[in-house]
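I have placed the structure first, in the form of structure tokens, so that the comments after it can refer back to it.
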Amino acid sequence: MAGSTEIYICKPGQALTDGRVEYGEITTKIEAEDDAIERMRCDSSIGKIAYYAMRPNGEFKCIHTRQNPDNALPPSKPPAGIAPRPTKPRGKKVAKPSLMGRALNLLR
48 MAGSTEIYIC KPGQALTDGR VEYGEITTKI EAEDDAIERM RCDSSIGKIA
98 YYAMRPNGEF KCIHTRQNPD NALPPSKPPA GIAPRPTKPR GKKVAKPSLM
148 GRALNLLR
């Protein structure tokens, strides 16, 4: 395959199109797999890496894609614009009058 190789490097939970793009001369799946393992060993913040062979006419083909098994997805956050449910402040509990208090209230 003539042309270059685009290497998409993403953080955990990030889309491939949002990741960093690098260019290289990797042509086979074995080379791509070895390169992916080496990159993930050196940089533990990589969540996913993908290799695409680019042809001079603009066509592309996926050579290799690899997820980092050591890197878990970050905890999900609530969608923007949705506020957390407000909580009511707890009021002071009203104490019931005792038996003696109720008896005195009857006499009044």
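In terms of my numbering, the sequence shown is residues 48 to 155.
Beta carbons: idealized from backbone N, C-alpha and C, even for Gly.
Fill in: Beta carbon of Ile56 nearer than 9 Å to that of Ile110
Within the sequence shown, residue 56 is the residue found at index 9, counting from 1. Within the sequence shown, residue 110 is the residue found at index 63, counting from 1. Contact flag unset, no.
Worksheet item: Looking at the unbroken beta strand (DSSP E) that takes in Gly128, where does it start and where does it end?
Response: Walking along the sequence shown from the start, residue 128 turns up at place 81. No beta strand (DSSP E) holds Gly128; DSSP gives it neither H nor E.
Practice prompt. Starting from the Cα of Tyr70, find the closest Cα among Ser92, Arg88, Ile77 and Arg102 and give me that residue.
Written response: Within the sequence shown, residue 70 is the residue found at index 23, counting from 1. For the residues Ser92, Arg88, Ile77 and Arg102, the minimum Cα distance to Tyr70 belongs to Arg102.
Item to complete: Answer with buried or exposed for Ala127, where buried requires no fewer than 16 other C-beta atoms within 10 angstroms of its C-beta.
Response: By one-based count along the sequence shown, residue 127 stands at place 80. So Ala127 counts as exposed.
Worksheet entry | Rounded straight-line distance, which links the Cα of Thr64 to that of Ile129 | Numbered from its first residue, the sequence shown carries residue 129 at position 82. Numbered from its first residue, the sequence shown carries residue 64 at position 17. Between Ile129 and Thr64, the alpha-carbon positions lie close to 26 Å from each other.
Worksheet item: Between Ile96 and Met87, is the Cβ-Cβ spacing less than 9 Å?
Response: In the sequence shown, counting from the first residue as 1, residue 96 sits at position 49. In the sequence shown, counting from the first residue as 1, residue 87 sits at position 40. Yes, the Cβ-Cβ distance between Ile96 and Met87 is below 9 Å.
Practice prompt. Look at the alpha carbon of Asn173 and the alpha carbon of Asn104, and state the distance between them as a whole number of angstroms.
Written response: Limits of the chain in this structure are 48 at one end and 155 at the other, which puts residue 173 out of reach.
Practice prompt. Could you check which residue in Gln114, Ala79 and Thr75 has the C-alpha nearest to that of Lys58?
Written response: Walking along the sequence shown from the start, residue 58 turns up at place 11. For Lys58, the nearest C-alpha among the options comes from Gln114.
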